[in-house]
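Novice:
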Amino acid sequence: MNVKILLRLRHLDKPLIISLLLLSAMGLIILYSASNQHIDTMIRQVFYLFVGFGVMLTLAQLRTQAILVWIPWLYLLGILLLVVMLFIDTSVNGYYAIHTSSYK
Numbered sequence: 796m797n798v799k800i801l802l803r804l805r806h807l808d809k810p811l812i813i814s815l816l817l818l819s820a821m822g823l824i825i826l827y828s829a830s831n832q833h834i835d836t837m838i839r840q841v842f843y844l845f846v847g848f849g850v851m852l853t854l855a856q857l858r859t860q861a862i863l864v865w866i867p868w869l870y871l872l873g874i875l876l877l878v879v880m881l882f883i884d885t886s887v888n889g890y891y892a893i894h895t896s897s898y899k
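Start counting the sequence shown at 796; every next residue gets the next number (this note's numbering).
1. Which residues bound the alpha helix (DSSP H) around Leu876?
2. Near Ser830, what residues of its chain come up, given a Cβ to Cβ distance below 8 Å and the 5 sequence neighbours on each side ignored?
3. Are the CB atoms of Gln840 and Tyr852 within a distance shorter than 8 Å?
4. Going straight from the alpha carbon of Gly822 to that of Leu869, what length do you get?
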């Protein structure tokens, strides 16, 4: 797809897109360095970046009024998911995961 066509889509800000691409590239470089040069980890992250950018481009095309209609429902969904997390067992092999430490 031509970059000019992509940036002409509604509600896309050229400096924002460039900043996000640069930050994503820096993050991928840091991830590759921190993961002992395991390419599988970086490929998985690149896939997630493409999905995220696709969702961002899709949502940028929606009208603000359409998004405002969904905000209360998305808020309630978030609260519901937080309540559900209270009832899901987070123990693994008898240990409870609290931050990066485990307690029995």
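The C-beta atom is built at its ideal place from N, Cα and C for all residues, glycine as well.
Specialist: The relevant details are as follows:
1. 859-882
2. Thr836, Met837
3. Note that residue 852 is Leu in the sequence shown here, rather than Tyr. Not a contact, by the Cβ cut-off of 8 Å.
4. 29 Å
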